[in-house]
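Residue numbers (our numbering), protein chains in the order written: chain V, 392 to 643; chain Y, 6 to 291.
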């Protein structure tokens, strides 16, 4: 059974009275890839970060498999975060650690600190890390330091780290914005593959509309903190894009 | 040929133009004289010169006094040679104590500074905590180690212990601040990513903070050991153990040749510290 993520009346204002997100109601309950598109500064990143409370929502609540994330205490939040994999635009790898160590960061949620500090990870976690490295095709770089990798390789490590969490949900905040078109497509395919293999929802913020239409099953269009389109990717029309981004000259 | 000659600009701001470009100074636009001192700066320079001259005139410094001083210095230096390394026992004891003070004070300083630096880091701790930690660190740095040593000599008596305590305080003041600043400069993106995996605070510390600051910390510690080596010869003068006491006693006895012997030994020790620092840099350079 797939994960069920529900956003109910979610709102966020960094400055009181100037909301970035207005009353977002969304539901993700199928193992599909959803792309969130919209102009810069429209609250896409805030929306994604509210889901695992890297940003604290101002209103509303998030429900993950019947648990209200907004009400959780610190310990509960840690456990919830451990089930949510996250991929970042600038990869956010720990640069001075090796690829293997970065992967094992994904199991920190259930590893006691003394074990992690001494690098005495559970053998099954290490086995899984090797498998995951195979999945993203980086076995040869196991001992390389993260900052010695190329952008595409780093993002693969970022995805592998999220996979190591055995996540019930994958979030990706503009995972391809720093990459070239070919690598971007590869990374999106990898995200999609991970979602299908684990049968979990994947939610991706994107700028590249063409790539979103090609890879995503569902597209959510945002404009100034409101959801203005929510539907299958193949039904997204130029009129919808006009509502999302405004103006039409860029479409020609 | 002449046209390709670059404009020559001297420090005073005048410009040597190539011959065919001669024009009157007045017709030059203002921005071609970029190095002119401002009016305020000119006044500043005159003021400093005036203060210098005034203080010179107040000090009773005559040529005769200077010559007298030179004579004394000559005798002093004469009596220093050849350097003597006896009494050996006193020398070795002094050096050994100095080394003890430096190493133990650095170790204790590191142990205390690690939590202190973490508590003072404004990107990880609430303001109330950092405020207290910063106050303690600043307090440790307020007084010169020699002043602190005098206090500890009064408190725990003459000897090495007072020196170790004094330099521990100094180390916390120095390392605590450097550690806190290094932690504040870490990339929060990496911290955010590790937090997002559901890692506990201890795990965030171990996997996101420490990897980013470890090598810098090692560099700071090596520098602090070096600095404590130098300072530990100082605190001896006020009776807190180490080479300083021996040195001071030799001065009192006019044993200037022994003084030179000791100074050479201290220099050797400092060079050793320097070599250690280089070694640390080489090993942990990356």
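Idealized CB from N, CA, C, for every residue including glycine.
Fill in: Residue closest to residue 515 of chain V, alpha-carbon to alpha-carbon, out of V/609, V/502, V/417
V/502
Practice prompt. Check residue 102 of chain Y in the structure and name its three-state DSSP category.
Written response: helix
Worksheet item: Whose C-alpha, out of V/531, V/586, V/571, V/539, is nearest the C-alpha of residue 550 of chain V?
Response: V/586
Item to complete: Out of V/597, V/626, V/621, V/483, state which residue places its alpha-carbon closest to the alpha-carbon of residue 432 of chain V.
Response: V/597
Item to complete: Go through its chain and collect everything with a Cβ distance to residue 87 of chain Y's Cβ below 7 angstroms, but skip five positions before and after it.
Response: 262
Worksheet entry | Rounded separation between residue 149 of chain Y and residue 73 of chain Y - CA only | 34 angstroms
Worksheet entry | the stretch 475-483 of chain V in contact with the stretch 560-572 of chain V per 3-pair CB rule at 8 angstroms | yes
Discussion item. Which of the three DSSP states is assigned to residue 13 of chain Y in this structure?
Written reply: Residue placement at residue 13 of chain Y is flagged as unreliable, the pLDDT there being 47, under the threshold of 50; the coordinate-derived value follows with that caveat. Three-state result, residue 13 of chain Y: strand.
Worksheet entry | Range of the contiguous alpha helix (DSSP H) that encloses residue 466 of chain V | 465-473
Worksheet item: Around the C-beta of residue 97 of chain Y, are 16 or more other C-beta atoms found within 10 angstroms, so that it is buried, or is it exposed?
Response: exposed
Discussion item. Counting beta carbon pairs with one atom in the stretch 223-243 of chain Y and one in the stretch 154-163 of chain Y, are three or more of them shorter than 8 angstroms?
Written reply: yes
Worksheet entry | DSSP three-state assignment for residue 482 of chain V, whether helix, strand or coil | coil
Worksheet item: Does the distance from the C-beta atom of residue 579 of chain V to that of residue 533 of chain V stay below 7 angstroms?
Response: no
Worksheet item: In three-state DSSP terms, what is residue 164 of chain Y?
Response: coil
Worksheet item: Can you list the alpha helix (DSSP H) stretches of 4 or more residues lying completely in the stretch 502-530 of chain V, in chain order?
Response: 504-508, 514-527
Practice prompt. Give, in chain order, every residue of the stretch 203-219 of chain Y whose Cβ lies closer than 9 angstroms to some Cβ of chain V.
Written response: 203, 204, 205, 206, 207, 208, 209, 210, 211, 212, 213, 215, 216, 217, 219
Discussion item. For the structure I just gave you, are there three or more beta carbon pairs, one from the stretch 135-154 of chain Y and one from the stretch 278-288 of chain Y, closer than 8 angstroms?
Written reply: no
Worksheet entry | Start-to-end residues for the alpha helix (DSSP H) that takes in residue 228 of chain Y | 215-240
Practice prompt. Report the rounded CA-to-CA distance for residue 122 of chain Y versus residue 272 of chain Y, giving the unit in angstroms.
Written response: 32 angstroms
Item to complete: Classify residue 633 of chain V as buried or exposed, calling it buried when 16 or more other Cβ atoms lie within 10 Å of its own Cβ.
Response: exposed
Discussion item. Threshold first: 3 residues or longer. Then list the beta strand (DSSP E) segments lying entirely within the stretch 579-627 of chain V, N to C.
Written reply: 593-596, 609-614, 617-623
Fill in: Per-residue DSSP class, three states only, for residue 84 of chain Y
helix
Item to complete: Report the partner residues of residue 402 of chain V according to the DSSP bridge assignment.
Response: V/450
Worksheet item: Taking Cβ positions only, does residue 508 of chain V come closer than 7 angstroms to chain Y?
Response: yes
Worksheet item: Secondary structure at residue 42 of chain Y, three-state DSSP: helix, strand or coil?
Response: coil
Worksheet item: Is residue 594 of chain V closer than 7 angstroms to residue 603 of chain V when the C-beta atoms are compared?
Response: no
Worksheet item: Hey, does residue 500 of chain V have any beta-carbon neighbour from chain Y nearer than 7 angstroms?
Response: yes
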